[in-house]
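Remarks on the structure that follows.
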Amino acid sequence: MPVTKVLIANRGEIACRVIRTCREMGILTVAVYSDADRGALHVRMADEAYCIGPAPARESYLMMYKILTVAKVSGADAIHPGYGFLSENAEAAKLFEANGITFIGPRPESIVRMGSKTEARIVAIKAGCPVVPGIQETMSDEDLAVEAEKIGYPVMVKAAMGGGGKGMRLVKNAEELKSGLPRARGEALSSFGDDSVYIEKAIIQPRHIEIQIFGDQHGNYVYLWERECSVQRRHQKVIEEAPSPHVTPEMRAAMGEAALKVARAVNYVGAGTVEFLADSERNFYFLEMNTRLQVEHCVTEWITGLDLVKWQILVARGEKLPLTQDQIKLNGWAVECRIYAEDPDKNFMPSPGRISFLRTPAGPGVRDDSGVYEGSEVSMFYDPMISKLSTWGPTRLDAIDKMRSALGEYRIGGIRSNVAFHEVLMEHEPFRSGFLHTGMLDKPFWKKKEVGPNLKFAVAAAMVAELDDDERRASQPVGSGEGKPDAWKHWGKFNRL
Amino acid sequence: MPVTKVLIANRGEIACRVIRTCREMGILTVAVYSDADRGALHVRMADEAYCIGPAPARESYLMMYKILTVAKVSGADAIHPGYGFLSENAEAAKLFEANGITFIGPRPESIVRMGSKTEARIVAIKAGCPVVPGIQETMSDEDLAVEAEKIGYPVMVKAAMGGGGKGMRLVKNAEELKSGLPRARGEALSSFGDDSVYIEKAIIQPRHIEIQIFGDQHGNYVYLWERECSVQRRHQKVIEEAPSPHVTPEMRAAMGEAALKVARAVNYVGAGTVEFLADSERNFYFLEMNTRLQVEHCVTEWITGLDLVKWQILVARGEKLPLTQDQIKLNGWAVECRIYAEDPDKNFMPSPGRISFLRTPAGPGVRDDSGVYEGSEVSMFYDPMISKLSTWGPTRLDAIDKMRSALGEYRIGGIRSNVAFHEVLMEHEPFRSGFLHTGMLDKPFWKKKEVGPNLKFAVAAAMVAELDDDERRASQPVGSGEGKPDAWKHWGKFNRL
Amino acid sequence: MKRTLLIGKETHDVELLRQDGVARLIWDGVEESLDILEVEPGSWSVIMGGKSVDVRLDTARNPDPDVQAFRATLYDAPYEFALQDPRKALLAAARGALASGGTLTAPMPGKVVKLLVKEGDLVTEGQPLLIMEAMKMQNELRSVSEGVITKVTTSEGATVETGSALITVGPKKA
Amino acid sequence: MKRTLLIGKETHDVELLRQDGVARLIWDGVEESLDILEVEPGSWSVIMGGKSVDVRLDTARNPDPDVQAFRATLYDAPYEFALQDPRKALLAAARGALASGGTLTAPMPGKVVKLLVKEGDLVTEGQPLLIMEAMKMQNELRSVSEGVITKVTTSEGATVETGSALITVGPKKA
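Chains as they are written, first to last, in the working numbering: chain A, 1 to 497; chain B, 1 to 497; chain C, 1 to 174; chain D, 1 to 174.
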């Protein structure tokens, strides 16, 4: 299947990311945009652009028939879904393929099977990939006690009808189970109207570690090592890195092979990610599979030197994977911070609005994947991501120190961002030490910093700005001058030697 | 010797480059600046900044005593000279060291010995490093004929007093030599008042290939592979890349060992570059040694994953080289374009002035080392370099295609730049094929492009801009509004599906 | 220019002077010369005592209109603070004084431009009582409580000193 | 708005229309609708026929003041071109006509605002002869040669048609 013109059914940084690779490959790009995105960066960067409706995603970016129409009108022969939106929508994949347009993603069947958590767990078990030990059926207290012994304490008692952390109870030994079960059933009954419970092995301070895999249409598979995404806030990834400070070469190989078992079981094609929970003893358990390119693919690109979007396109064209497992490099360390328009001082409330000023970090080992520019709007209709800032260094601490430095260079005006939050994280000892777990940010470590040593400088600037403003108002009609000053406003003499 | 606060005796991109590494290492930085540079980026980025005099470099950046005074006043314990200015000034290095300040560069003796071309040639010969075969003494026609046979034709007859390409004559065989010598002597006499000539092996379409070396204070040496810098305009490097498309693993090892022989011969410490000429049969000949960090060190950083400035500081501290030769990686391919404020349509005349608009490329595999920002001035007092744009890819063509794409994203307003010139080069078949030589740009391949296919779009924008201007003038007092528009000026309906 | 710096619970007296091409900052009485340049619109390069700091300045919303709040982004961290014109602070304090004593006094030297009420008028909380010109600005002084005007002790055009009684507001009779 | 596009040795007639919220570009007679947005000051996002092009626009110096030169940076390449107001071109042509014929004629309909010379006056090359209002602008029409005014065939306030004779300049007698 030729891929000569790609429609990107997405917006923001990932649309821009895909456009860049297409350009380098000499492939034309087609952007789609909602009314809110007429001036968005992906529209400016693409070779073609078509409006697909009002701002709400349900009326635009999620409208698969509109997108199909644009593909037909523009003559696109492939669609890249990015992440989110239609990327894990099997119906959309089927629709596009049925209309002769290559979907740059896995086969619809793979999306369906991995889309169901219970089905995915069964696939993993059958494939021989470890899952969190437990029984998924409900049974009597006595049978549960027997199973708990088999699984090994501590175990988690979970309400069958529960979800989102509700109706969960940690149990450390047989006695606690005996006394706890009646109470757990009582709570389950009052909360969910059903007293069924099941048990699962409790993983204390789990790490979220995921394996990037790739498959082609010829049955070849490779894994591109792991990413650790344990630094989360309310189950949202905040910082990702590759490799993981927790993973040994043996664990890496074992996790990679386990991930490929799952991929093979569903004849997976393209880029996919198998997510695991890992405990402190380096046991790991299948969590789910994401059947798309991940937000955090950049860190894998840094350490492997590969372009994952290019690989997606090559595979979609029917080509074989360009490398075999033993040709995949693991070089240095990469860290990624998700820069959001949100206010860490106000409980991370989104801060949409116009970006009045923007200077992004640069230099060796720094990569900024952005979907915005100075003057553009962070819309309230979509994910408030500004960019993904990633850095690379020969060692983990090199990458972290580089990130701290790059964050310091970041300047965003007009809206609030979480840059300062990341700066504090880069100096946070538990993070630097590499002892990560998914609950590490639950206790809010973020508070306003002590006043730093450079307050005087900031205040001096503010006073000069106020005085200049006053003088401007006093001496000139409002708004004279052509916007930017064409001569520096300079105060003070050079202290020349 | 501790290095806790570094004075950077330079400006522009290299000063910013050094500041970034210092920050990552937790080392404080001191900037120096001339009157013309009060608002320069390196002054904004450094922790401290001191004015050292008027704009002309002779009265500021080259004033070693002023710089020493700043080092003393600020308590800097080391000085990084960057490239140019004082970087190869042995007197400055001696002065700083004599005053207890570490010079981040080689020993003054190494600078002196390599600073003299004739001395450097003798060092290389004694060390067993190949030089361009030839006799440097003058002799009779008959003796020259004998020597020419030994060297092998073709040979170059050069006037002893000549220079800069003048008084050179290519001779292909003994007969041509016999008839050519009298004429060469005649020309030499009339041009330089001396009829002495000497002969050297003629290298046809030579390549400029250089080896990056590093030495520490403990006698350890490594070479960090080669860079090819054959794409030159008037003997100035325009594009650099690493590795070289011409170099085989055997040639690489041979060149690396030859370079280290020279380095060892002068007890070289720190970062240095041994430059060679190479012919089409992969013979290579010592040209000279640069006893400093090179402009083009970025491409070596890309392929090795090392931070050369960090290594310079580690070595200056007295530490051993962090890696041995067999630990040095060679990963993929990197290309660098020097972005200058110059007008390719006007014979590359410098184009100083205020940068009214600046958007630099970003994304995977793109690095921009800049010393400017939107609103800053490109001064007529210094090198008109805007930035060094470098890209990396798994293969040479990947890196070139990425560079072409990155150059397309570059937007510079207010001054002219050579971005479009580089864009044409990236599509220039002789460059893409890798058959490079130092004269490849002598025949001007640069001419104005045919009008591209997007003229209509540019004209439409210009017409709307003119009309908007007219309307603004008609309806409002001049210059009302606060500079930037806070709402988009939008014409035309969305062609919504 | 004098300002009161408000940061967290701290306050500092700061003053900026410009004379003969030299700028000086006086911080709680300690003077330092500074070199400051607006390098980009809203971005300032500040050099003081050799230290160089790049300051990105944004104004922030502040509930009190007499106080200008700033958010500055520096390499090390963001800084949030506010600057208050000390003369404005005096005005604000005066409004508080009325609440307790019932008599509005002149917060600083100035001129009564306009009286907006007369004796016997019923006034509501927040109602403007008079306009006073001070610091080249016209300031509306408002009533902080409901009540009745019991005394007007000034007149339009009068020049008043700090502390001069202007208007007294008494309790409204039921 | 009509313009003559000058690029290299080519010229094109281009016209831009805005009506009912729709913008159209007429290029040598062929019409196309366009969607154009100033995304940053001086940067334009242009969508025409589905194609999307980001245009960075800078004005360039041009020796001829009647022509506005532009330099546009696009993803593919820079474009240099100039736009000339065809009415200004007519004016420019008129000045040329005077040089050959000796008689200044009205380059387009308009009104003579002011006569700056009278019969018998000696004039130098480039000296303004009269001011004519056309296209809502006052245009100074100048002499292209040294000479003497032999005839004035119009008057202040006169409305003139294209081609009306205005002033004749004859050779200066030695």
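Each residue gets a CB set at the ideal place from its N, CA and C atoms; glycine is no exception.
Here the structure is a predicted model, which means the values were calculated and not measured.
Inter-residue spacing [alpha-carbon to alpha-carbon] between residue i and residue j
i, j, result
"I213 (chain A)", "V222 (chain A)", "6 Å"
"A98 (chain B)", "Y153 (chain B)", "51 Å"
"I104 (chain B)", "H80 (chain B)", "5 Å"
"C22 (chain A)", "A362 (chain A)", "23 Å"
"E10 (chain D)", "M440 (chain B)", "33 Å"
"K346 (chain B)", "S417 (chain B)", "11 Å"
"K310 (chain B)", "G318 (chain B)", "13 Å"
"G408 (chain B)", "P182 (chain B)", "54 Å"
"M25 (chain A)", "D401 (chain B)", "8 Å"
"R71 (chain D)", "L37 (chain D)", "18 Å"
"P86 (chain C)", "R3 (chain C)", "6 Å"
"P444 (chain B)", "L25 (chain D)", "38 Å"
"L5 (chain C)", "A69 (chain C)", "10 Å"
"R142 (chain D)", "M380 (chain B)", "40 Å"
"K151 (chain D)", "L104 (chain D)", "10 Å"
"H12 (chain D)", "A23 (chain D)", "19 Å"
Beta carbon proximity, residue i to chain A, threshold 9 Å
i, result
"E301 (chain B)", "yes"
"E32 (chain D)", "no"
"A148 (chain B)", "no"
"C337 (chain B)", "no"
"Y8 (chain C)", "Strictly speaking, residue 8 (chain C) in this sequence is Gly, with Tyr absent from that position. So yes, G8 (chain C) belongs to the interface."
"D195 (chain B)", "no"
Rounded distance between the beta-carbons of residue j and residue i, thought under 8 Å
i, j, result
"I526 (chain A)", "V3 (chain A)", "Residue 526 (chain A) cannot be examined here, being either before or after the span of chain A that is shown, 1 to 497."
"I211 (chain B)", "G256 (chain B)", "6 Å"
"I111 (chain A)", "E147 (chain A)", "With a Cβ gap of about 33 Å, I111 (chain A) and E147 (chain A) do not count as contacting."
"A78 (chain B)", "I52 (chain B)", "With 8 Å as the limit, A78 (chain B) and I52 (chain B) do not qualify as a contact, their Cβ atoms being about 17 Å apart."
"M161 (chain B)", "A188 (chain B)", "7 Å"
"V231 (chain A)", "L436 (chain A)", "6 Å"
"V194 (chain D)", "V112 (chain D)", "For residue 194 (chain D) there is no data in the structure shown, the boundaries of chain D being 1 and 174."
Own chain residues within Cβ distance below 8 Å of residue i, not counting five before or after
i, result
"T248 (chain A)", "R282"
"K117 (chain B)", "E288"
"F284 (chain A)", "P130, I209, M251, A254, M255, A258, F276, L277 and A278"
"H159 (chain A)", "Checking the sequence shown, residue 159 (chain A) turns out to be Ala, not His. For A159 (chain A), where only same-chain residues beyond five positions count, the Cβ hits under 8 Å are K166, G167, M168, A184, E187, A188, S191, F192, D194, S196 and V197."
Close Cβ partners of residue i (< 6 Å) along its chain, the five nearest in sequence each way excluded
i, result
"R121 (chain A)", "V131"
"E296 (chain B)", "R227, E240 and E336"
"F348 (chain B)", "E342"
Contact with chain D by residue i, beta-carbon distance below 9 Å
i, result
"L455 (chain B)", "yes"
"V459 (chain B)", "yes"
"R17 (chain A)", "no"
Contact set between residue i and chain B, taken where Cβ atoms lie within less than 7 Å
i, result
"T11 (chain D)", "Going along chain B, no residue has its Cβ under 7 Å from T11 (chain D), so there is no contact; the nearest lies around 12 Å."
"S45 (chain C)", "G39, V43 and R44"
Within chain A, partners of residue i - CB distance below 9 Å
i, result
"N331 (chain B)", "G305, K329 and N331"
"D28 (chain C)", "Simply none; closest approach about 10 Å."
Proximal chain D residues relative to residue i, where beta-carbon distance stays under 9 Å
i, result
"H422 (chain B)", "Neighbours of H422 (chain B) on chain D: none; closest Cβ ~12 Å, over 9 Å."
Short CB-CB distance (under 9 Å) between residue i and chain B
i, result
"D180 (chain D)", "There is no way to answer for residue 180 (chain D), as the model of chain D reaches only from 1 to 174."
"G42 (chain D)", "yes"
Proximal chain C residues relative to residue i, where beta-carbon distance stays under 8 Å
i, result
"M463 (chain A)", "M1, R3, V14, L16, L25 and L83"
Any non-hydrogen atom of the ligand ZN closer than 8 Å to residue i Cβ
i, result
"K126 (chain B)", "This structure lacks the ligand ZN, and indeed carries no ligand of any kind."
Proximity test, Cβ basis, 9 Å: residue i and chain C
i, result
"S376 (chain A)", "no"
Listed by chain order, chain A residues near residue i by CB distance under 8 Å
i, result
"D54 (chain D)", "R44 and M45"
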